[in-house]
Every structure is written in C-alpha cells, then in structure tokens.
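Remarks on the structure that follows.
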Amino acid sequence: HGAVAFTDDGRGIQDAGMMRRVMDYAVQFGCPIMDHCQDESLVDAGQVNEGVASTRLGMLGWPSAGEEVHIARDIELAKLTGAHLHVQHLTSAHGLELVRRAKAAGVRVTCEVTPHHLFLTEDDIGDDYPTALKVNPPLRTAEDAAKLIKGVADGTVDCIATDHAPHADYEKAREFELAPFGMTGIETCLGAVLTNLVRPGVISWARMVELMAVNPRAIVGLEPVRIEAGSRADLTLIDPEAEWVATDGFYASKARNCGFTGHAFTGIATDVYVGGEPKMVDGQLL
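Set out below in structure tokens:
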C-alpha cells in the first residue's frame with residue numbers, strides 16, 4: 007500500500023507553521039496526519055499527570071493542557087487546510103470535548119484512546135513507583151477516564167489502539183525519572199476491552215469490532231475485511247468466556263512492561279489469520 011499516514015508520534019511538532027505545511031502536503035497525498043499532541047513548553051520534563059499524583063509522588067507534572075493546546079491548534083489547522091487530523095492516544099476529558107465540537111462543526115478529525123488510559127489512572131501509580139505505568143501521555147484522573155469511556159460509548163472516539171511500546175527489563179528497572187515512557191499493550195488489549203466494556207454492556211460486540219478493526223482500516227484508507235467465501239482470511243477468533251490473568255509467564259513478547267500485569271480478564275484471542283495464513287492457533291504463536 008505504501009505510506010498510508012504521516013505521524014510525529016513520540017515528538018509532537020512544535021511549530022504551527024511547520025504543521026500547517028505538513029497538512030498541506032498530506033492533503034495532496036490523501037493521507038491522514040497521526041498527531042502526537044504535546045506542547046514541550048508546557049510539558050518539559052513532566053513525568054506524571056500534574057495535580058494530586060505529581061504532588062503525592064514528588065515528581066514534575068505533565069499537565070493535560072500540554073496535550074489540549076496542540077489538539078486545539080491542530081483542529082484549527084485541519085479546518086484551514088482540509089486535512090484529515092487523527093489525534094493519537096487522547097487522554098483528557100477536555101481534549102475529547104475539543105474533538106467532539108470539531109466533528110460537530112464538520113472538521114475532518116478522528117481520534118483514538120488506549121486501554122491503559124481507559125482502565126488505569128494516576129491513582130494506580132503507587133509509592134513503589136512502578137515504571138510500567140510511566141507512559142506518554144501520562145495516566146490521567148479517574149474523571150478523565152470515565153469521560154473517555156463515555157466517548158467510546160457515544161461514538162466520539164473512533165478507535166481503541168494500544169500505543170504498544172515494548173522495553174527491555176533493564177530499561178524499565180531504573181528510577182522512575184530515568185526510565186523510558188511506554189507500556190506494552192497488544193496482548194492485553196482485547197481482554198481489557200471485553201472485560202471492562204463489552205461484558206458490562208457499555209458497548210456491543212459490533213461496536214468493539216468497529217473500534218478495533220473496522221475504523222482503524224478506514225482511517226488509513228485500507229479496504230474493509232470481508233467475511234465471505236473466496237475472501238482472504240484476515241481474522242481473529244475469540245473465546246469470550248476464557249478467564250485468565252496477565253502474569254509475566256503469560257506474555258509471548260520479550261517485553262514485560264505491561265501496566266495490566268496481575269489483572270484478571272475474561273475473553274481472549276485464540277486464533278489469528280493474516281493474509282490467509284495462520285499466525286496463532288489454539289493460543290500458540292506459529
């Protein structure tokens with residue numbers, strides 16, 4: 007397919023003029039801009055959400071405004087250029103409201119949230135300073151998480167994405183301030199969504215498939231997967247009743263920096279087919 011999107015992930019574009027030019031070019035190629043919204047002048051060396059958590063832990067704060075300022079800026083630039091703006095790993099209630107208003111005004115903007123920003127909060131960062139919970143953007147408040155879940159349910163949020171960021175054990179086994187940002191998410195994503203959203207009835211199975219399979223392909227312009235005779239098999243089979251716990255021994259990845267370690271889930275992927283080829287069968291990678 008070639009390039010299907012352009013992104014500044016991990017290091018947000020600080021100069022508005024540069025972002026405007028990026029969007030102008032993206033329009034010519036018909037590709038979305040995947041936007042990591044982070045104003046360095048506000049975030050600087052922030053480690054955790056600014057507020058109660060940063061005060062309790064004695065760490066530099068990463069204010070939600072450091073994300074929201076860029077969301078607001080880039081919505082205006084998308085309006086100016088006609089570009090498709092996709093806000094990555096959105097974390098705050100106000101940031102979500104900015105996207106909701108932009109959509110209502112006809113701006114071409116989509117957004118995603120991660121399982122860890124939906125189901126974990128700043129309160130989960132205990133006095134043992136668990137570096138698996140050091141992520142960028144940081145875990146926000148319980149109120150923010152609740153508003154994000156509402157956005158998932160009401161259709162404002164387009165995708166649930168993992169922002170999967172594996173790190174070697176030695177990288178994360180350091181002081182919190184020195185450890186890199188990021189957590190793994192691919193292996194726990196489905197279980198977390200099924201357990202916390204589908205089983206309680208917050209969203210339907212169809213909405214889950216839309217959030218995790220249909221919309222991501224549509225946003226980057228890939229043709230939808232069709233389940234019909236003669237179609238190539240790009241499928242994930244799920245056991246909705248399987249109960250399991252995310253332990254260090256569970257992960258197939260060499261990385262263990264998952265913030266959901268120790269959590270119990272119901273529902274798991276058992277088989278995966280990509281391009282007609284089996285990649286996982288009966289829970290075993292091939």
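One gets the numbering used here by counting positions in the sequence shown from 1 and adding 6 to each. The beta carbon of each residue, even a glycine, is placed where N, CA and C say it ideally should be. On a predicted model such as this, the values are computed, not experimentally measured, just so you know.
Among the options, which residue has its Cα nearest to the Cα of residue i?
i, options, result
"C117", "G282, F266, D134 and H95", "H95"
"G282", "R238, G57, E74 and I209", "R238"
"E46", "A174, V278 and D21", "D21"
"V93", "G101, I233 and T87", "G101"
"R232", "L292, L154, V280 and I244", "V280"
"R262", "G132, G36, T137 and R106", "T137"
"F182", "G23, M65, A59 and L104", "M65"
"F266", "A159, P222, P206 and H123", "H123"
My assumption, with CB atoms under 8 Å, is that residue i sits in contact with residue j. Please give the rounded CB distance.
i, j, result
"T194", "P172", "Rounded, the Cβ-Cβ distance is 13 Å, inconsistent with contact."
"C165", "I225", "7 Å"
"T253", "L200", "About 18 Å separates the two Cβ atoms, so there is no contact after all."
"P143", "T97", "5 Å"
"V28", "F12", "7 Å"
"A99", "I81", "With 8 Å as the limit, A99 and I81 do not qualify as a contact, their Cβ atoms being about 16 Å apart."
"V49", "L228", "The pair is not a contact, with the Cβ atoms about 32 Å apart (cut-off 8 Å)."
"D133", "T87", "The pair is not a contact, with the Cβ atoms about 47 Å apart (cut-off 8 Å)."
Rounded to the nearest angstrom, what separates residue i and residue j at their Cα positions?
i, j, result
"A219", "T168", "12 Å"
"L6", "R17", "The structure shown does not extend to residue 6, since the chain is modelled only from 7 through 292, so no value can be given for it."
"A148", "D129", "8 Å"
"G57", "G67", "7 Å"
"V215", "V119", "15 Å"
"H90", "H76", "15 Å"
"S210", "V163", "15 Å"
"A198", "L145", "16 Å"
"C43", "E74", "7 Å"
"M40", "L203", "25 Å"
"H269", "P121", "13 Å"
"Y257", "V141", "19 Å"
"A71", "V54", "13 Å"
"G52", "L63", "12 Å"
"K153", "L126", "13 Å"
"R26", "A248", "48 Å"
"I155", "G161", "10 Å"
"R84", "L292", "Arg is not the amino acid found at residue 84; the sequence shown has Ala there. C-alpha separation (whole angstroms): 43 Å."
"D15", "G23", "18 Å"
Following the continuous beta strand (DSSP E) through residue i, name the residue where it begins and the one where it ends.
i, result
"K285", "E283 to V287"
"A84", "Where A84 is concerned, there is no enclosing beta strand (DSSP E), although the alpha helix (DSSP H) it sits in stretches over A71 to T87."
"A275", "A270 to V280"
"D50", "No beta strand (DSSP E) contains D50, which DSSP labels as neither H nor E."
Starting from residue i, follow its DSSP beta bridges and name the residues at the other end.
i, result
"H123", "Per DSSP, none; premise fails for H123."
"M40", "T13 and H92"
"Q290", "V287"
"D245", "I274"
"T116", "H92"
"G67", "V54"
"I166", "V119"
"A251", "Residue identity check: residue 251 is Val in the sequence provided, not Ala. Looking at the DSSP assignment, V251 forms a beta bridge with A270."
Assuming residue i is part of the alpha helix (DSSP H), what are its boundary residues?
i, result
"V199", "I192 to V199"
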